[in-house]
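Okay, so the sequence shown: first residue is 42 according to this note's numbering, each after it adds one.
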Amino acid sequence: MSPHSTTPTTTSSQPANSPADGRARSHLRRSWWLRQLMQWHWVSSAVCLIGMLLFALTGITLNHPNALPASTVTKTQSLTLAAAQQNALASLAQTADPLQPLPRDLRRWLGRNIGQPISRADAEWEHGEVYLAMPRPGGDAWLVIDIDTGAVEFEHTHRGSVAWLNDLHKGRNTGPVWSLFIDVFAVACVIFTLSGLFILWLHARQRPMVWPLVAAGALIPLLIILLFMH
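Printed below as a string of structure tokens:
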């Protein structure tokens, strides 16, 4: 053999864009999407775990309000404003709007003597009285001040832990921060649900019962609404 001879080069028998290459790329895309969806799914499920358990349990207690006994406790307190506080309140009442908060110093004094913070919400100033409603989860509270005598009446009602949890579920008298939490929690639940749906879609070929079960989950409540709600 001549030293200048060269060995012939071999070329692949498959074209550049063979069906095998297409299947490989499709498999890589599917694997990438599955990893991304699994990441979103487990993170959102971890964020939603405790909140979803809370909302599921309180959904049962709300659906059966008489199943658990209520333990309502009502406490009342009576106080009398000092003369200086009464005079300041009387002067303020002459020019006060029908709806405005109690003065900050008075709120602090009442909070110390009553044993709990006094709301900064607007109070009703009319008919010689100041009335402040302080609704809260699982209970209620109100405060009345007689402007002429300085007498203070405070009442606090607590309806028990179940009522407190139920009000958290409904967002009743929970304030703007809890309302924001519910919104964020709802978005996380949507991410958790949609990522789970797409994971099911990726596995549907290997699991033929996926779509019948999904359809059953949609049809059962729809049939209940159509057949049993009149």
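Just so it is clear, CB atoms sit at the ideal spot from N, CA and C, and this is done for glycine as well.
Local Cβ density within 10 Å of residue i, reported as buried at 16 or more and exposed below that
i: V203; result: buried
i: G180; result: buried
i: F233; result: buried
i: H197; result: buried
i: A227; result: exposed
i: I265; result: exposed
i: D208; result: buried
i: S85; result: buried
Straight-line gap, residue i to residue j (C-alpha atoms, nearest Å)
i: F222; j: F96; result: 13 Å
i: L235; j: Q127; result: 60 Å
i: I186; j: D146; result: 15 Å
i: L94; j: I101; result: 11 Å
i: P142; j: K211; result: 26 Å
Top-ranked residue by Cα proximity to residue i, from the options
i: G169; options: R177, R149 and T190; result: T190
i: C89; options: C230, L206, L267 and A134; result: C230
i: W74; options: I266, A257 and F239; result: F239
i: P176; options: N214, Q157 and R248; result: N214
DSSP state of residue i mapped onto helix, strand, coil
i: Q247; result: coil
i: L184; result: strand
i: Q157; result: coil
i: R149; result: helix
Other residues of its chain near residue i: CB distance less than 8 Å, five sequence neighbours each side excluded
i: R76; result: none
Cut-off 7 Å between Cβ atoms - residues of its own chain near residue i, not counting five sequence neighbours on either side
i: R246; result: none
Beta-carbon contacts of residue i that lie in its chain and below 6 Å, excluding the five residues immediately before and after
i: V171; result: A164 and I186
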